[in-house]
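Here the structure comes first, spelled out in structure tokens, and everything after it is commentary.
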Amino acid sequence: MKRRVVALALAAVLTMSMSMTAFAASSSTNNNSSTESSSSSSSSSSSSSASTTTAKPQSVDKVVAKATAGAAIKPAAVQVAIPAADGTVKAVTLDKVVAQKQAEVVNTVAAVAAANGEQAAAQVATLLTAQASEQFTATVAALAETKGADMVVNNMGTVKTAATAKDALGNTIASAGVVKNVTSGALIMLMSINADGTIEYVEGIVDPVTGAVMGAFQGTPAVITVLVLA
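In our numbering, the protein residues as written are 10 to 239.
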């Protein structure tokens with residue numbers, strides 16, 4: 010029931026608030042997104058002249074302060090705090106966190122896809138921090154059965170969040186803007202580094218009105234990394 014409510018809320022936002030000018034892709038977003046090339050699960054996205062760079066990795070708030078909404082962000086420039094099992098916190102760069110998640114998804118599917126696509130989809134869903142929709146899990150199951158161990162997770166780039174809005178349930182609907190080569194029908198997973206430093210993994214969709222990639226988050230995303238399962 011919760012899954013359907015979230016899906017309905019997201020759909021409502023897409024058909025109403027997301028069609029507003031605030032969520033239309035700006036020329037800045039288009040230009041910066043076009044510099045991000047698709048890479049395999051073992052590689053990170055290439056940087057461009059539009060990417061935000063720093064000599065030393067910094068916290069996400071400092072990195073985004075130097076960038077415009079929708080601008081490409083160099084993942085290696087963002088420092089993320091990752092809690093360890095022993096209670097300590099380890100500082101790593103975003104590119105390493107993204108690469109780890111890509112490998113995690115691929116390995117999860119490869120382990121069980123040949124035997125049971127639905128089981129693979131269920132396990133991928135557990136890697137998200139929000140409940141997956143029925144459509145997402147069904148699409149993952151179909152992909153797992155078709156591709157199996159050959160499935161890849163393409164990193165389509167990281168951007169400063171282009172725009173946000175609250176839905177009726179209090180979720181933050183966040184847009185990554187228009188992302189090159191990510192179109193309607195793509196199986197999208199979004200990773201956010203929120204303003205408070207927390208990390209979320211949610212399913213993403215492409216807004217049919219603006220073509221922008223977006224998802225529903227509990228926190229407020231400062232940067233969003235777009236991953237596409239294929």
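Think of the CB as a built atom: it goes at the ideal place given N, C-alpha and C, for glycine as much as any other residue.
Shortest alpha-carbon distance to residue i belongs to which of the options?
{"i": "A147", "options": "A177, V115, V133", "result": "V133"}
{"i": "T1", "options": "T207, D95, G220", "result": "This structure leaves residue 1 out entirely; the chain is present only between 10 and 239."}
{"i": "A183", "options": "N163, T234, V162", "result": "T234"}
{"i": "V237", "options": "D216, I208, A131, V188", "result": "V188"}
{"i": "V101", "options": "V222, K75, M223, G206", "result": "G206"}
{"i": "V222", "options": "E127, V115, A185", "result": "A185"}
{"i": "D216", "options": "K65, G126, G194", "result": "G194"}
{"i": "P66", "options": "T135, A85, I208", "result": "A85"}
{"i": "M72", "options": "A239, N203, V218", "result": "The identity of residue 72 in the sequence shown is Val, whereas the question assumes Met. Nearest C-alpha to V72: N203."}
{"i": "L196", "options": "A153, V89, K75", "result": "A153"}
{"i": "A112", "options": "N163, V89, I91", "result": "N163"}
{"i": "A150", "options": "V89, A74, V121", "result": "V121"}
{"i": "T77", "options": "N190, A171, Q88", "result": "A171"}
{"i": "I91", "options": "T135, V218, Q109", "result": "Q109"}
Kindly list the residues whose CB is nearer than 8 Å to the CB of residue i, restricted to its own chain and excluding five residues on each side of it in sequence; keep chain order.
{"i": "T181", "result": "T173, A174, K175, A225, F226, Q227, G228, T229, P230"}
May I ask you to report which of helix, strand or coil DSSP gives residue i?
{"i": "L152", "result": "helix"}
{"i": "G228", "result": "coil"}
{"i": "G186", "result": "strand"}
{"i": "N125", "result": "coil"}
{"i": "N180", "result": "coil"}
{"i": "G96", "result": "coil"}
{"i": "T167", "result": "strand"}
{"i": "M223", "result": "strand"}
{"i": "V69", "result": "helix"}
{"i": "V218", "result": "coil"}
{"i": "G213", "result": "strand"}
{"i": "V162", "result": "strand"}
{"i": "A76", "result": "coil"}
{"i": "A239", "result": "coil"}
Which residues does DSSP pair with residue i in a beta bridge?
{"i": "S142", "result": "BP columns for S142 are empty, so no partner."}
{"i": "V101", "result": "V89"}
{"i": "N203", "result": "P230"}
{"i": "G194", "result": "For G194, which the question treats as bridged, DSSP gives no partner whatsoever."}
{"i": "K175", "result": "T181"}
{"i": "A112", "result": "A112 pairs with nothing; no bridge assigned."}
{"i": "A81", "result": "V168"}
Return the chain-ordered list of same chain residues with a C-beta closer than 6 Å to the C-beta of residue i, the five sequence neighbours on each side being excluded.
{"i": "F145", "result": "E212"}
{"i": "M200", "result": "Y210, T234"}
{"i": "A131", "result": "none"}
{"i": "A119", "result": "A158"}
Apart from the five residues on each side of it in sequence, which residues of its chain come closer than 7 Å, Cβ to Cβ, to residue i?
{"i": "D70", "result": "A204, A231"}
{"i": "V115", "result": "S50, M160, V161, V162"}
{"i": "Q128", "result": "V121"}
What do you reckon, is the C-beta of residue i under 8 Å from a heavy atom of the ligand FMN?
{"i": "Q144", "result": "The ligand FMN is not part of the structure shown, which contains no ligands of any sort."}
Check whether the segment 73-90 and the segment 165-175 touch, using three or more Cβ-Cβ pairs below 8 Å as the test. A contact exists between the segment 73-90 and the segment 165-175.
Three CB pairs or more closer than 8 Å across the segment 135-143 and the segment 210-223: With a cut-off of 8 Å, the segment 210-223 and the segment 135-143 count as touching, because enough Cβ pairs lie within range.
Could you say if the segment 152-159 and the segment 93-108 meet the contact criterion of at least three C-beta pairs nearer than 8 Å? Fewer than three pairs of CB atoms, one per stretch, sit closer than 8 Å, so the segment 152-159 makes no contact with the segment 93-108.
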